[in-house]
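Below is one structure, written out as structure tokens; comments come after it.
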Amino acid sequence: PEGRKMHDEL
Amino acid sequence: MNIFRLAGDVSHLVAIIILLLKIWKTRSCAGISGKSQILFASVFVTRYLDLFTIFISLYNSSMKIIYISCSIATVYLVYFKFKATYDGNHDTFRVEFLVVPVGGLSFLVNHDFSPMEILWTFSIYLESVAILPQLFMISKTGEAETITTHYLFFLGLYRGLYLINWIWRYYFEGFFDLIAIVAGLVQTVLYCDFFYLYVTKVLKGKKLSLPA
């Protein structure tokens with residue numbers, strides 16, 4: 001869930 | 011990070027650099043929609059606010075900084091340094107017709123109702139339509155310089171590659187971000203008509219001109 005909100009793309 | 015994502019980022023960078031170099035070398039921004047460039051700069055600024063809050067990788071942060079600086083530099087060249095060459099009479103797309111609905115939608119459909127997340131969503135939606143003033147300008151003048159079409163090609167290619175990246179990530183990582191995917195699809199579709207002209211005309215050595 002935490003990773004869900006992290007936008008790792010540009 | 012997969013090869014499609016990397017290739018997408020690189021073609022995005024190539025597009026931005028092509029545009030900057032074209033303006034710089036010809037000392038002119040004729041045929042370039044300043045409005046689209048302002049929209050793209052807004053896209054980067056609102057999306058990359060997380061530069062200050064989270065660290066993903068050196069690659070991620072440096073690319074973000076490069077994209078933001080280049081897009082702001084482009085806006086500066088169009089509206090200040092080479093303003094005399096800016097074709098404002100043909101750059102008449104009403105930007106408020108994009109920004110207002112996109113702003114409203116980002117409040118309604120987002121992953122999380124927080125300022126940062128709403129701004130991120132706004133940037134994703136805005137990016138998908140930010141090229142419209144440029145395409146509108148080309149349809150109005152009926153032609154585009156070949157170098158401008160290369161810029162558009164790489165910009166469209168970037169989104170196309172991101173779509174493949176998302177299919178990849180869905181299969182191999184179980185990752186998907188519906189907001190990004192839907193907006194990315196819309197964005198790619200907007201380039202389809204242009205891609206057709208690019209392949210049938212520009213790649214065959216002809217100038218891109220539309221039938222009157």
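So the protein lines, in turn, are chains U and W.
Throughout the first sequence, residue numbering follows the numbering used here, covering 1 to 10 in sequence.
Throughout the second sequence, residue numbering follows the numbering used here, covering 11 to 222 in sequence.
Using N, Cα and C, we set each Cβ at its ideal position, and we do this for glycine too.
Q47 (chain W) places its beta carbon 9 Å or farther from that of V112 (chain W). Comparing alpha carbon positions, the residue from W:M126, W:E183, W:V139, W:V85 closest to E106 (chain W) is W:V139. Taking C-beta atoms as the reference points, Q144 (chain W) and S43 (chain W) count as a pair closer than 9 Å. Listed as beta-bridge partners of E153 (chain W) by DSSP are W:S219. Look at Y161 (chain W): its C-beta is not under 9 Å from any C-beta on chain U. A straight-line Cα-Cα distance of about 27 Å links Y96 (chain W) and R57 (chain W). Interface criterion not met: the Cβ of M147 (chain W) is under 9 Å from no Cβ in chain U. Within 9 Å of the CB of I66 (chain W), the CB atoms of chain U belong to M6, H7, D8, in sequence order along the chain. R37 (chain W) and L31 (chain W) have their alpha carbons spaced roughly 9 Å apart. Going by DSSP, R57 (chain W) is part of the alpha helix (DSSP H) stretching over 44-57. Taking the C-beta atoms as reference points, L167 (chain W) is found no nearer than 9 Å to A154 (chain W).
In this structure, S21 (chain W) lies away from L136 (chain W), with their beta-carbon atoms at least 9 Å apart.
Under the three-state reduction of DSSP, C39 (chain W) is assigned to coil, being neither helix nor strand. Taking all protein chains in view, the Cβ of T159 (chain W) is crowded by 16 or more other Cβ atoms within 10 Å, so the residue is classified as buried. Looking at W:G18, W:I27, W:A25, the one whose alpha-carbon comes closest to that of G194 (chain W) is W:G18. The region 145-208 of chain W is shown to contain whole alpha helix (DSSP H) runs of 4 or more residues at 156-183, in chain order.
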